[in-house]
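What follows is a single structure, written as structure tokens, with notes after it.
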Amino acid sequence: MRTNILQLNDECLETICLYLPLRDQIRFSRVCRRFRDIFKHICKCTSKVFNMNQLIGMTLWDIREFFEMAGANIEELFGAVPYNYQDRIDFISELSPRVRRVDLNCNNVESASLLRFLERFHAVTYVELHNFSLNDNSLLALRKLPNLRALILDQSFELTGKNLCKLYQLHELSLFGCENLQTSHFIDICKCLFNLRSLDIRHCKMLTSRAYSEMVRNCRQLEQLKISCEKEVNYDCVAQLHA
């Protein structure tokens, strides 16, 4: 005996939909209004954390339709930016107003496209970028994120730190492997980011002994510090950090 799928109750249809990959779930939602409502319900009840890797292989239409239905429920994005659509995905941030945490692999993504994408997440508090080298001018775009509290950068070789002092609201800053971070700009960072509680400056090889002494003098809220030692630098002052 054959059963028409439309005769199944919503719970059964929801279970079937959950077994499908995301691309097919979206196609499922296009069948009729009832299926679309079921998929929307799934989006509300499942995790608020979304893996961007699921967008691989999807069309731009698929991606837009997914975020139109699910974007309002998403609070965290992680994974790879779909670089083949990098200049046409601004709608993701517009359709996901509740996103507070972004952790992205930005391989092959152009700086202008990524920053245009990021600066529209007005509620975001945490930004972590991998395989992406920000320069000093690019940092200015992050000033459009008024709630940003944590910025995690990984080996941004072009960065000298020139404009980081303008992100004064930061509580957490990681500059791991930013080898061109300059002492003069780092001192400005320490003076302006007075709420800084966590700092990672491992493998920032241009920093001098003066950089560390000014850090101790100005970063009075610092609770966590990660450094790597260079032979020419005196680190004795680090022991004077306020407990």
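In the UniProt record's numbering, the protein residues as written are 1 to 243.
The C-beta atom is built at its ideal place from N, Cα and C for all residues, glycine as well.
Under 8 angstroms between C-beta atoms of residue i and residue j
i	j	result
Phe67	Leu95	yes
Leu170	Leu196	yes
Leu104	Leu140	no
Glu75	His41	no
Phe28	Leu20	yes
Ile163	Asp200	Correcting the residue identity first, residue 163 is Asn in this sequence and not Ile. No, Cβ-Cβ distance for Asn163 and Asp200 is not below 8 angstroms.
Pairwise C-alpha distance: residue j and residue i
i	j	result
Ala80	Tyr168	28 angstroms
Arg143	Ile16	44 angstroms
Met69	Cys43	8 angstroms
Lys166	Asp24	45 angstroms
Arg88	Asn4	39 angstroms
Arg34	Glu11	12 angstroms
Asp236	Phe194	22 angstroms
Val31	Leu145	39 angstroms
Glu230	His122	39 angstroms
Asn147	Met58	31 angstroms
Contacts around residue i, its chain only, beta-carbon distance under 7 angstroms, and the 5 residues preceding and following it disregarded
i	result
Val109	Val81, Tyr83, Gln86, Phe132
Arg120	Asp90, Ser93, Glu94
Ile26	Asp62, Glu65, Phe66
Phe186	Gly161, Leu207, Ala211
Asn53	Gly79, Ala80
Arg116	Asp90
Nearest neighbour of residue i, chosen from the options [CA to CA]
i	options	result
Leu241	Asn234, Ile89, Gln221	Gln221
Leu151	Glu172, Asn163, Phe157, Asn137	Glu172
Thr125	Cys192, Phe28, Arg149, Arg98	Arg149
Cys192	Thr46, Cys219, Arg88, Ala72	Cys219
Ser228	Phe194, Cys178, Ile189	Cys178
Glu217	Ile189, His203, Arg36, Val233	It should be noted that the sequence gives Arg, not Glu, for residue 217. Here the closest residue by C-alpha is Ile189.
Ser111	Ser156, Met215, Glu230	Ser156
Leu77	Val99, Asn147, Cys237	Val99
Gln224	Glu230, Val233, Arg202, Lys231	Arg202
Asn47	Lys226, Leu60, Val127, Ala72	Reading off the sequence shown, one finds Ser at residue 47, where the question assumed Asn. Comparing Cα positions, the closest option is Ala72.
residue 255	Leu60, Cys45, Ser184, Phe39	Given a span of 1 to 243 for the chain in the structure shown, any question on residue 255 remains unanswerable.
Ser174	Gln182, Leu181, Asp154	Asp154
Ser113	Pro97, Leu134, Arg101	Leu134
Own chain residues within Cβ distance below 8 angstroms of residue i, not counting five before or after
i	result
Leu181	Leu159, Thr160, Gly161, Leu175, Ile201, Cys204, Met206, Leu207
Own chain, CB closer than 6 angstroms to residue i, minus 5 neighbours either side, in chain order
i	result
Val127	Val102, Leu151
Leu55	Ile63, Pro82
Proximity test, residue i beta-carbon vs the ligand SAH heavy atom, cut-off 7 angstroms
i	result
Val49	The ligand SAH is not part of this structure, which contains no ligands at all.
Unbroken alpha helix (DSSP H) runs of length 4 or more, entirely within the region 138 to 223: which are they?
Segments of the alpha helix (DSSP H) lying fully in the region 138 to 223: 183 to 192, 209 to 218.
Would you list, in sequence order, the uninterrupted alpha helix (DSSP H) runs of no fewer than 4 residues that lie entirely inside the region 81 to 137?
With a minimum length of 4 residues, the continuous alpha helix (DSSP H) runs that stay inside the region 81 to 137 are 90 to 95, 111 to 118.
At what residue ranges does the region 2 to 66 contain a whole run of the alpha helix (DSSP H), taking only runs of 4 or more?
Complete alpha helix (DSSP H) runs here, min 4: 10 to 18, 22 to 29, 33 to 45.
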